[in-house]
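Taking full-length UniProt numbering, the leading residue of the sequence shown gets 1, the next gets one more, and so forth.
C-beta atoms are modelled at their ideal positions from N, C-alpha and C, and glycine is treated no differently.
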Amino acid sequence: MADSATAELNPLTPQRLFHMMAGFKATAVLRTGVALGVFDAVADAPLTAAELAGRLGLAPRGARALTGALAGAGLLAEHDGVRYGLPPGGAELLVTTSPRYCGGIVDVACSTGEWTALGVLARTVREGGPLPGRDALGPGFDYWVDFATHTTFGTRRGAELLADALDPYLAETEAPRVLDAACGHGLFGYEIAARHPDARIVSQDWPEVLEVAEGHAKRQGVRERVAYLPGDVERVDLGGPYDVVVVANLLFHLGAERAARLVERLAGLLAPGGRLAVVGFTAGDAPAVEQEHAHLLGLLMLSWTDGGEMHSTADYRAMLAGAGLTEADHHSRPGLPLSALIGRRPSAVSS
């Protein structure tokens with residue numbers, strides 16, 4: 001019954017198939033417009049293709065072809081058939097000086113690494129593993145610097161979701177100590193620090209990623225309460241004990257057994273009554289058509305990791321239980337594709 005309902009909601013048509021087939025071209029046009037600075041160039045006034053070529057140092061033929069394609073995609077507005085300016089919303093979302101600038105997200109949502117990996121997806125599926133030399137969890141994987149730098153549309157909302165869920169516990173915890181394991185941008189920990197002035201945060205990740213995270217901490221006004229711990233989350237001495245340990249957008253990079261071992265390692269860092277928060281995308285909780293992003297992310301894990309796969313909420317509950325944590329509360333928000341599962345370490349029993 002559910003299968004037939006899904007089919008009725010999403011019937012295959014030639015138009016849908018063509019949209020999928022041609023979708024990478026629109027992605028390429030957007031990436032190119034951002035990379036070449038087209039949107040900043042026309043921010044003050046519309047330009048002809050020739051004027052744009054002169055301002056940006058482009059070949060005139062290339063500028064003519066690109067401006068037409070950008071206008072066709074709705075990324076530029078065409079004026080009198082000869083000049084090109086920003087469309088409605090373009091000044092807010094595509095000009096780098098705007099507080100709402102989103103263009104940098106192309107380095108994450110359609111990164112060069114993903115572009116390359118998915119270009120050989122048939123081979124990856126056939127062989128069941130990543131391209132040689134691709135290890136998303138190893139040092140020097142440059143995607144993580146871009147991921148930390150250009151936060152995506154849901155990053156801030158995800159940090160707020162987690163902080164909302166932890167607020168009642170943290171409000172009753174004196175000088176809470178928080179570890180953000182494999183922190184990336186660090187915003188999950190920094191949102192907690194912003195709400196709880198006596199909280200202390202340890203941001204852990206590779207050194208080059210922590211440099212970016214430190215910038216976010218400064219902008220959020222919490223840098224003085226953050227310590228930085230470089231290294232491999234599975235091997236470095238993580239210190240502790242902590243009142244909260246956050247592991248966000250990491251466990252699906254690992255196979256089930258390896259992820260469970262890391263959960264057990266992190267749970268062992270908790271003070272009595274402490275919380276371990278698993279934040280990220282899940283698959284298997286709903287029909288695949290309702291979790292499209294998670295399943296596409298699963299293909300990326302196949303392309304980038306040795307054993308990474310998407311886990312379900314039930315899988316994470318089992319990992320938390322196996323690590324001795326109880327009361328795994330699930331937190332989600334409409335329109336936000338990631339969720340938080342928070343397990344509690346039992347309080348010490350009085351003798």
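Assigned exposure category for residue i - 16 Cβ within 10 Å defines buried
i: Phe281; result: buried
i: Pro168; result: exposed
i: Gln291; result: buried
i: Arg235; result: exposed
i: Ala2; result: With a pLDDT of only 46 at Ala2, under the threshold of 50, the placement of this residue in the model should not be trusted, and no figure is reported.
i: His311; result: buried
i: Leu341; result: buried
i: Leu162; result: buried
i: residue 368; result: In the structure displayed, the chain extends from 1 to 351; residue 368 sits before or after that span and is not available.
i: Thr96; result: exposed
i: His216; result: buried
i: Gly138; result: exposed
i: His150; result: buried
i: Asp205; result: buried
i: Leu12; result: exposed
i: Ser339; result: buried
i: Ser203; result: buried
i: Ala259; result: buried
i: Gln15; result: exposed
i: Gly158; result: buried
i: Gly274; result: buried
i: Val120; result: exposed
i: Leu17; result: exposed
Rounded C-alpha distance that separates residue i from residue j
i: Leu336; j: Asp285; result: 14 Å
i: Ala288; j: Leu118; result: 19 Å
i: Tyr316; j: Ser303; result: 22 Å
i: Val349; j: Met319; result: Confidence is the limiting factor: at Val349 the pLDDT is only 48, short of 50, which leaves the residue's position unreliable and the question unanswerable from this model.
i: His79; j: Ala45; result: 11 Å
i: Val279; j: Val38; result: 36 Å
i: Tyr129; j: Leu254; result: Here residue 129 is Gly; the residue named in the question, Tyr, does not match the sequence. Distance between the alpha carbons of Gly129 and Leu254: 13 Å.
i: Ser332; j: Cys183; result: 20 Å
i: Asp146; j: Leu266; result: 26 Å
i: Leu52; j: Phe252; result: 44 Å
i: Ala41; j: His185; result: 29 Å
i: Ala59; j: Ala49; result: 10 Å
i: Val222; j: Leu179; result: 15 Å
i: Leu269; j: Glu327; result: 18 Å
i: Leu297; j: Asn249; result: 11 Å
i: Ala271; j: Leu36; result: 50 Å
i: His293; j: Ala283; result: 9 Å
i: Leu238; j: Asp232; result: 10 Å
i: Pro346; j: Asp329; result: 14 Å
i: Val226; j: Arg61; result: 51 Å
i: Gly308; j: Ala256; result: 8 Å
i: Ile105; j: Thr152; result: 6 Å
i: Thr313; j: His295; result: 14 Å
i: Asn10; j: Thr305; result: 31 Å
i: Arg261; j: Val247; result: 13 Å
i: Tyr101; j: Arg123; result: 36 Å
i: Gly81; j: Ala73; result: 15 Å
i: Pro99; j: Arg156; result: 14 Å
When the options are compared against residue i, the one with the closest alpha-carbon
i: Trp115; options: Ala28, Ala267, Asp205, Ala194; result: Ala28
i: Val125; options: Gly343, Gln204, Leu299, Gly33; result: Leu299
i: residue 397; options: Pro99, Gly154, Ala63, Ala283; result: In the structure as shown, the chain starts at 1 and stops at 351, and residue 397 therefore has no counterpart that could be examined.
i: Leu210; options: Tyr190, Arg195, Leu52; result: Tyr190
i: Leu70; options: Leu56, Gly85, Pro60, Gly57; result: Gly85
i: Ala181; options: Ser98, Val263, Ala193, His293; result: Val263
i: Leu325; options: Thr149, Val244, Arg195, Arg55; result: Val244
i: Ala213; options: Pro60, Glu257, Leu229; result: Leu229
i: Glu224; options: Arg200, Ala91, Ala260, Gly240; result: Arg200
i: Arg219; options: Thr32, Leu187, Val246; result: Leu187
i: Asp164; options: Arg31, Ala194, Phe141; result: Ala194
i: Gly322; options: Leu276, Pro87, Asp232, Trp144; result: Leu276
i: Tyr242; options: Arg31, Arg344, Glu160; result: Arg344
i: Pro197; options: Pro207, Glu208, Glu174; result: Glu174
i: Leu66; options: Gly90, Gly54, Gly33, Gly74; result: Gly33
i: Glu160; options: Leu93, Tyr143, Ile192; result: Ile192
i: Tyr143; options: Ala77, Gly57, Ala43, Gly113; result: Gly113
i: Glu92; options: Ala43, Gly140, Glu127; result: Ala43
Unbroken beta strand (DSSP E) runs of length 3 or more, entirely within the stretch 174-229: which are they? Restricted to the stretch 174-229, the beta strand (DSSP E) segments that are unbroken, complete and at least 3 residues in length are 177-181, 200-205, listed in chain order.
Please confirm if the stretch 128-135 is in contact with the stretch 151-170, defined as three or more CB-CB distances below 8 Å between the two stretches. In short, these stretches do not touch, since the Cβ pair count stays below three.
Segment contact flag, the stretch 107-125 with the stretch 8-23, C-beta cutoff 8 Å, min 3 pairs: Counting Cβ pairs under 8 Å, fewer than three are found: no touch.
Could you tell me which uninterrupted beta strand (DSSP E) segments, each at least 3 residues in length, are contained entirely in the stretch 266-313, listed from first to last along the chain? Secondary structure within the stretch 266-313: the beta strand (DSSP E) runs of 3 or more consecutive residues, fully enclosed, are 270-280 (chain order).
Considering only residues of the stretch 115-172, which uninterrupted beta strand (DSSP E) runs meet the minimum length of 3 residues and lie entirely inside it, listed in chain order? Correct list: empty.
Entirely enclosed alpha helix (DSSP H) segments - the stretch 48-123, minimum 4 residues: Fully contained in the stretch 48-123 are the following alpha helix (DSSP H) runs of length 4 or more, in chain order: 49-56, 60-72, 90-93, 106-109, 112-118.
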